[in-house]
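The opening position of the sequence shown corresponds to residue 65 in our numbering, with each subsequent residue numbered one higher.
First up is the structure itself, then whatever we jot down about it.
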Amino acid sequence: MHHGEGELGRSICGGLQQGAEDKLKEELDDKRIEVLQIGPAGENLVRILPDQYE
């Protein structure tokens with residue numbers, strides 16, 4: 065969500081998770097944002113999920 069509108073991270077989709085949060089923070093010029101990532105497995109609808117969220 066950005067200014068009340070949903071946006072897809074097309075520039076990040078299909079890539080590795082490392083650096084994705086930093087790239088979004090830089091792209092949106094906002095260091096306060098938080099990111100929940102699904103990664104390539106989630107993009108491919110893998111049905112298992114590690115329980116590693118903060």
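By construction, the Cβ of each residue, glycine as well, lies at the ideal position given by its N, Cα and C atoms.
Alpha-carbon to alpha-carbon, residue j and residue i
{"i": "Lys87", "j": "Gln101", "result": "13 Å"}
{"i": "Arg96", "j": "Arg111", "result": "31 Å"}
{"i": "Glu69", "j": "Glu98", "result": "16 Å"}
{"i": "Gly103", "j": "Asp94", "result": "22 Å"}
{"i": "Cys77", "j": "Gly106", "result": "11 Å"}
Same chain, Cβ closer than 8 Å to residue i, neighbours up to 5 away in sequence not counted
{"i": "Glu91", "result": "Ser75"}
{"i": "Asn108", "result": "none"}
Sequence-distant residues of the same chain with beta carbon closer than 7 Å to residue i, five excluded per side
{"i": "Lys89", "result": "Lys95 and Ile97"}
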